[in-house]
Amino acid sequence: MVCIRKATLADVPEITACYLVCSPGEDPDAFLSYFNDSMLSPVRVVFAAEYDGHIVGYVLAKIFEEEEDEEEDAAEEEDIQGYIEYLGVHPTYRKLGIATKLMNAAQNALVQEYGFEYVYLHVRPSNHAAISLYTKLLGYKFGDTAAEFYYDGEDAYLMRKQLPGKQTDHLVLEFSHGGGCFRGAGHTGKYVRHNYNVSNG
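So for the sequence shown, full-length UniProt numbering puts the first residue at 1; every next one is plus one.
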């Protein structure tokens with residue numbers, strides 16, 4: 001059975017290994033260091049999907065680190081809250097709903113621990129599986145397009161979701177094992193301020 005739980009520092013090496021399977025070519029040392037720092041940060045929350053004692057998926061959510069912009073009004077600033085920075089599921093565990101469960105756990109934590117009303121993320125236009133997950137299953141809506149957002153020059157769609165109020169849902173979930181690879185939002189090391197022209201696209 002697979003359970004979704006809060007990740008710990010001891011999970012970071014396995015999370016890194018899972019990340020490298022889903023994102024070949026990435027720098028393992030940089031990711032390992034970043035996740036170690038994230039586990040100690042009060043502004044980040046990390047969940048792991050565990051099967052038979054091994055990490056098979058992960059999600060990292062954080063508080064947005066926005067740039068100062070005096071021209072933005074207070075109403076817009078209130079909309080910028082939670083951010084899904086990383087999401088990944090090991091190839092062997094695709095199409096089991098693990099990515100959805102991880103996202104729901106992260107979103108619930110953003111509500112319960114921080115009281116956020118909105119969460120957003122960036123996604124590659126070429127990542128059709130992630131876009132389908134975000135729009136059809138999780139209720140995200142399209143916003144602006146960030147030009148050349150990723151390290152390889154690909155653009156990114158900005159997506160946003162309004163979160164419900166505080167709930168009492170349990171964050172530990174169990175379900176059966178299956179197969180495939182899924183990757184969602186990724187981190188580029190740069191955060192830009194966007195106007196939220198959200199549509200139903």
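Even glycine gets a Cβ: it sits at the ideal position worked out from N, Cα and C.
Where does the unbroken beta strand (DSSP E) through valine 21 begin, and where does it stop?
Here residue 21 corresponds to residue number 21 of the sequence shown, with the count starting at 1. From DSSP, valine 21 is part of no beta strand (DSSP E) but of the alpha helix (DSSP H) over 12-22.
Nearest by alpha-carbon distance to isoleucine 131: which of Ala106, Gly115, Met159, Tyr114 is it?
Your numbering for residue 131 matches position 131 in the sequence shown. For the set Ala106, Gly115, Met159, Tyr114, the Cα lying nearest the Cα of isoleucine 131 is the one of Met159.
Beta carbon of valine 89, beta carbon of glycine 57: below 8 Å?
In the sequence shown, the residue the question calls residue 89 occupies position 89. In the sequence shown, the residue the question calls residue 57 occupies position 57. Result yes, Cβ atoms of valine 89 and glycine 57 sit closer than 8 Å.
Along the chain, where does the beta strand (DSSP E) containing tyrosine 51 start, and where does it finish?
Within the sequence shown, numbered from 1, the residue matching residue 51 stands at position 51. In the DSSP assignment, tyrosine 51 falls within the beta strand (DSSP E) that extends over 44-51.
Rounded distance between the beta-carbons of leucine 60 and valine 46, thought under 8 Å:
As a working note, residue 46 is residue 46 in the sequence shown. As a working note, residue 60 is residue 60 in the sequence shown. Confirmed, about 5 Å.
Check whether chain B comes within 8 Å of asparagine 36, counting only Cβ atoms and requiring the distance to be less than that.
Within the model displayed, chain B is absent; a lone protein chain is all it includes.
Give the straight-line distance between the Cα atoms of alanine 156 and asparagine 127, rounded to the nearest whole angstrom.
Position 156 of the sequence shown, counting from 1, holds the residue named residue 156. Position 127 of the sequence shown, counting from 1, holds the residue named residue 127. Approximately 10 Å, taken between the alpha carbons.
Outcome for histidine 122 when other beta-carbon atoms lying within 10 angstroms are tallied against a minimum of 16:
For this step, residue 122 is matched to residue 122 along the sequence shown. Histidine 122 should be labelled buried.
I need the DSSP call for tyrosine 58, collapsed to helix, strand or coil.
Within the sequence shown, residue 58 is the residue found at index 58, counting from 1. If DSSP states are grouped into helix, strand and coil, tyrosine 58 belongs with the strands.
How is the alpha helix (DSSP H) around residue 215 delimited, first residue to last?
Here the chain comprises residues numbered 1 to 201, so residue 215 is not present and cannot be evaluated.
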